[in-house]
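Undergrad: Residue numbers (this note's numbering): 2 to 397. In this text, a Cβ means the ideal position worked out from N, Cα and C, and glycines have one as well. What follows is a single structure, and I will ask about it in a moment.
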Amino acid sequence: MSGCVKSLHEILNDVPNNRWRATSQHVLSSITYLFRWIIPIVRPAGASFFQQAHFYTTYEAFAYEWTINFIGSPHWPERKTVWRLFLDHCKVFTQPTPFAIVFKLQLMRGAECSPQITSVPDAHHSTFSSNRNYRLFEGNPLLASLIEAFDIHSRWQGGRAMLTVEMNFVASDFQIQMNKALPIQSFLKDGDFRKKLKDIHQNIEPDFIFKTLDGDIPSYKSLLYISSPYFRDLLSSDNITLNQISVNYNRKAVLQTLSYMIFGVFESSEIVDLQLIQQMLKCARQFQLKMTQFDDDIGRVLNLDNLDEIVKILSLTHQQQSYFQVKRMCIAMIVEKHYRRFVQEYNGNATGEKLSAFDLLSTAVVPSLSPVNLIHTIHHGGTACQRILQYKKFDC
2 MSGCVKSLHE ILNDVPNNRW RATSQHVLSS ITYLFRWIIP IVRPAGASFF QQAHFYTTYE
62 AFAYEWTINF IGSPHWPERK TVWRLFLDHC KVFTQPTPFA IVFKLQLMRG AECSPQITSV
122 PDAHHSTFSS NRNYRLFEGN PLLASLIEAF DIHSRWQGGR AMLTVEMNFV ASDFQIQMNK
182 ALPIQSFLKD GDFRKKLKDI HQNIEPDFIF KTLDGDIPSY KSLLYISSPY FRDLLSSDNI
242 TLNQISVNYN RKAVLQTLSY MIFGVFESSE IVDLQLIQQM LKCARQFQLK MTQFDDDIGR
302 VLNLDNLDEI VKILSLTHQQ QSYFQVKRMC IAMIVEKHYR RFVQEYNGNA TGEKLSAFDL
362 LSTAVVPSLS PVNLIHTIHH GGTACQRILQ YKKFDC
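So, in structure tokens, the structure goes:
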């Protein structure tokens, strides 16, 4: 099989991603983001200097915040200014790592432009507040040129520095893979140990009962005990005789959640109903599932083309102050696919459910972190960053 790469330069939200995904010959292979930062070359009074810009890398159900920082700070006792230039991402532990980063610098003043200087980061750091930090150290030619431009005697004073950050990612880092089969029990092959485990317990008498809103679910203490810290605490020696609990969810929601908790697969693929998903999320939280993967798989069955359903799920996650992965995905999808309609329909002039949803999503302990503010922030930060999709075409 031969392969060639086709590049599609995409301005956010103008090109429907599904158009290419539907063509089997084209596979999205990588995503490049270009952020161009214009820095006024004006040296402030004093030894300290600080410039920072925020932008977002967005695609489908993912949106990640980045900052680019140019800092000059006094260093004692030498009484000199120490300069730092670094790219940092903002505290999302699942944020993907670019396989390549390039910094490009061009100085401008009037009609005069310097030659473009290109450099890769000198070092990558992990810190407590950030998992990824890409730095240029003093002595790097690009940073040296930028520092020189900010000297008070530089001919570039009063001009501008255009710093371009180019980041390249593997496309799969930004995709949920909606077309990938959901983990369903019926899809388990005969040799799969999870299928063997289920088959073994079908011949054993259940010793635990879940009493749901619309029926009972038989289960096994041994499987529950090893699958969740919630049940390890519940089935401790003090509760050795406990053989049933009542849960305030429908039977189908509990059955799907237990199946995922114990076997890592859903009982069936029929989980696209909004109310069922809401109950499953609540049930999963009560049973203390590891929510990141559960959120990802739930995210793959959300109707991401339906803005109203996304808003309802987002309202649930915000109200419960949980399901943070699903919450991030809902916000990203509104920005990616529904931003204009969201602004038009969910606002202070809306009525009924849409006004109630807007009021709820506009509130937060820190107002700037409310879902509505985040949607606007990510939209503006994403449009400031050019996105280039590269597709691999086979048999060309």
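Can you tell me the Cα-Cα spacing of ASN19 and LEU29, whole angstroms?
TA: No answer about ASN19 holds up, because its pLDDT of 44 lies below 50 and its placement is not dependable.
Undergrad: Identify every residue that forms a DSSP beta bridge with TYR34.
TA: MET168, ARG388
Undergrad: Within 10 Å of its beta-carbon, does PRO99 have 16 or more other beta-carbons around it, so buried, or fewer, so exposed?
TA: buried
Undergrad: So what's ARG85 in DSSP terms, helix, strand or just coil?
TA: strand
Undergrad: Find the nearest neighbour of TYR261 within the set VAL336, SER223, ARG195, judged by alpha-carbon distance.
TA: Nearest to TYR261 by C-alpha distance, out of VAL336, SER223, ARG195, is ARG195.
Undergrad: What's the C-alpha gap between PHE175 and ALA145?
TA: So the two alpha carbons sit approximately 34 Å from each other.
Undergrad: Measuring straight from C-alpha to C-alpha, what distance separates LEU86 and PRO142?
TA: 12 Å
Undergrad: Suppose you measure from the CA of MET334 to the CA of GLN326; what does that come to, to the nearest Å?
TA: 12 Å
Undergrad: Is ALA333 helix, strand or coil by DSSP?
TA: DSSP places ALA333 in the helix class (H, G or I) of the three-state scheme.
Undergrad: Am I right that LEU108 and ALA150 are in contact with their C-beta atoms under 8 Å? What's the rounded C-beta distance?
TA: 5 Å
Undergrad: Is VAL367 helix, strand or coil by DSSP?
TA: coil
Undergrad: Round the Cβ separation of LEU315 and PRO372 to the nearest angstrom and send it over; I've been treating them as touching at under 8 Å.
TA: 6 Å
Undergrad: Measure the alpha-carbon distance for SER269 versus LYS253 and round it to whole angstroms.
TA: 10 Å
Undergrad: If we ignore side chains and look at the alpha-carbon of each, how far apart do PHE209 and SER229 end up?
TA: 15 Å
Undergrad: Write down every uninterrupted run of the alpha helix (DSSP H) in the segment 220-257 whose length is 4 residues or greater and which is fully enclosed by it, in chain order.
TA: For secondary structure counted as the alpha helix (DSSP H) over 4 or more consecutive residues, the segment 220-257 holds these complete runs in sequence order: 222-228, 230-235.
Undergrad: Ignore the nearest five residues each way along the sequence and tell me which others in LEU214's own chain have a CB closer than 6 Å to its CB.
TA: ASN251
Undergrad: Residue range of the alpha helix (DSSP H) that ALA285 falls in?
TA: 275-287
Undergrad: With distances taken between CB atoms, is the gap from ARG37 to LEU164 smaller than 9 Å?
TA: Going by C-beta atoms, ARG37 is nearer than 9 Å to LEU164.
Undergrad: Check each candidate in PHE267, ILE69, ILE148 and name the one with the smallest Cα separation from GLN257.
TA: The closest CA to that of GLN257, considering only PHE267, ILE69, ILE148, is found on PHE267.
Undergrad: How close, in whole Å, do the beta carbons of GLN245 and LYS222 come, if the pair is a contact with beta carbons under 8 Å?
TA: Actually they are not in contact, since the Cβ atoms of GLN245 and LYS222 sit about 11 Å apart, beyond 8 Å.
Undergrad: Give the DSSP bridge partners of VAL28, in chain order.
TA: LYS393
Undergrad: When you compare the CB positions of THR58 and CYS386, do they come within less than 9 Å of one another, or not?
TA: In this structure, THR58 sits near CYS386, with a CB-CB distance shorter than 9 Å.
Undergrad: Quick check on ASP217: does DSSP put it in helix, strand or coil?
TA: Correct three-state label for ASP217: strand.
Undergrad: With DSSP as the reference, please indicate the residues paired to GLY73 in a beta bridge.
TA: PHE50, TRP84
Undergrad: Compute the Euclidean distance between the alpha carbons of MET292 and ILE148, then round it to the nearest angstrom.
TA: 46 Å
Undergrad: Closer than 7 Å by C-beta to GLY216: which residues in its own chain qualify, once you throw out the five before and the five after it? Chain order, please.
TA: ARG252
Undergrad: Per DSSP, what kind of secondary structure is TYR340 in: helix, strand or coil?
TA: helix
Undergrad: Roughly how many angstroms lie between the CA atoms of LYS355 and ASN204, to the nearest whole one?
TA: 51 Å
Undergrad: Relative to the C-alpha of VAL255, which residue among MET281, ALA351, ARG286, PRO45 is closest?
TA: MET281
Undergrad: DSSP beta-bridge partners for THR1?
TA: Given that the chain is displayed from residue 2 to residue 397, the structure contains no residue 1 and the question cannot be resolved.
Undergrad: List the whole-angstrom C-beta distance separating GLY160 from ARG110, where the pair is believed to meet the contact cut-off of C-beta under 8 Å.
TA: 3 Å
Undergrad: Roughly how many angstroms separate the alpha carbons of PHE398 and THR242, rounded to a whole number?
TA: Outside the displayed span of the chain (2 to 397) sits residue 398, for which this structure offers no information.
Undergrad: Only counting the same chain, and skipping five residues up and downstream in sequence, which positions put a Cβ closer than 7 Å to that of ALA351?
TA: PHE359
Undergrad: Which of helix, strand or coil does DSSP assign to TYR324?
TA: coil
Undergrad: Please confirm whether VAL103 and GLU167 have their CB atoms less than 9 Å apart.
TA: yes
Undergrad: Between which two residues does the alpha helix (DSSP H) carrying VAL143 extend?
TA: The sequence as given places Leu at residue 143; Val does not occur at that position. Following the DSSP letters along the chain, one finds LEU143 inside the alpha helix (DSSP H) bounded by residues 142-150.
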